[in-house]
Amino acid sequence: MPAEEAQTRVYALLERLRAAYPKATTELQWSNPFTLLVVTVLSAQTTDKKVNEISPELFRRYPTAEALAQAQPEELEPLLRPLGYFRQKARTLVKLARQLVEQHHGEVPRSMESLTALPGVGRKTAAIVLGTAFGLQEGIAVDTHVSRVAQRLGLSTHQAPEKIEQDLMALIPREAWTWFGHALVLHGRYVCLARRPRCSRCVIADLCPRIGVTAAA
DNA sequence: CTCCCGATAT
DNA sequence: ATATCAGGAG
1 MPAEEAQTRV
11 YALLERLRAA
21 YPKATTELQW
31 SNPFTLLVVT
41 VLSAQTTDKK
51 VNEISPELFR
61 RYPTAEALAQ
71 AQPEELEPLL
81 RPLGYFRQKA
91 RTLVKLARQL
101 VEQHHGEVPR
111 SMESLTALPG
121 VGRKTAAIVL
131 GTAFGLQEGI
141 AVDTHVSRVA
151 QRLGLSTHQA
161 PEKIEQDLMA
171 LIPREAWTWF
181 GHALVLHGRY
191 VCLARRPRCS
201 RCVIADLCPR
211 IGVTAAA
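Read left to right, the first sequence gives residues 1 to 217 (UniProt numbering).
Quick look at the structure:
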């Protein structure tokens, strides 16, 4: 498909998504940049719902980077167990907090470079924190949902998250990057499901190569 | 590339 | 039984 034609279809997509998910944001519970950073790190390969179930107790015990930096990883493990990867996440979280204290005065840094230099923080997590906590459009968070939906919509043919992000950034107006990421996550989570997409109640099915001119499932 | 890992939907 | 869940490090 010519780039120009793809761009025209993207504007139609954005309009539909804007109507369907006008205020799309994360479903993770957070109260400040530090808690958002932590819950986003914890959300790897688990559901937001599970993270929200344990995060209140986590932040009751460790409300700040300073408090978390003084913890031993082992004492976090029982709390993190239901999330999976719990030993790794416990170690990562304490290392992360210690670096925040030692290198950033206990504050969450506001640049992509500083954030991705932190343990447990890749571009996906950094883009969420920058966009959602600070309102900075520095990238598009490509997770499993964004990756799947973008590919099904034909917005990218790549598999590598960095490549998908580049394709999306070229197609989406910068001021919409953060919202667009959240919208695609919600669409992927509730409509464009991994195993069995619910195309019959998809607001962009007619713009999707999978359905398009064909009948909706 | 492999490893980390429990809970849930299908 | 198996795929999937807002990934990142070694």
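Even for Gly, the Cβ is constructed at its ideal location relative to N, Cα and C.
The alpha-carbon of residue 155 is positioned some 15 Å away from that of residue 185. 8 Å or more divides the Cβ of residue 90 from the Cβ of residue 68. Restricting attention to 46, 23 and 53, the CA atom closest to the CA of residue 29 is found in 53. The region 77-84 makes no contact with the region 109-120: fewer than 3 CB pairs, one atom from each, lie closer than 8 Å. For residue 69, the enclosing alpha helix (DSSP H) stretches over residues 65-69. Judged by beta-carbon spacing, residue 177 lies within the 8 Å limit of residue 140, meaning their Cβ atoms are closer than that value. At the C-beta level, residue 118 and residue 38 stay beyond 8 Å of one another. The three-state reading of DSSP puts residue 158 in coil, since its state is none of H, G, I, E or B. Taking the Cα positions, residue 72 is about 12 Å away from residue 96. When secondary structure is reduced to three states using DSSP, residue 1 falls in the coil class, being assigned neither helix nor strand.
Classified as buried, residue 26 has 16 or more neighbouring CB atoms from the shown chains inside 10 Å of its CB.
Ranked by how close their Cα comes to the Cα of residue 58, the residues 47, 34, 46 and 44 have 34 in first place. In the structure shown, residue 196 adopts coil according to DSSP, grouped into three states.
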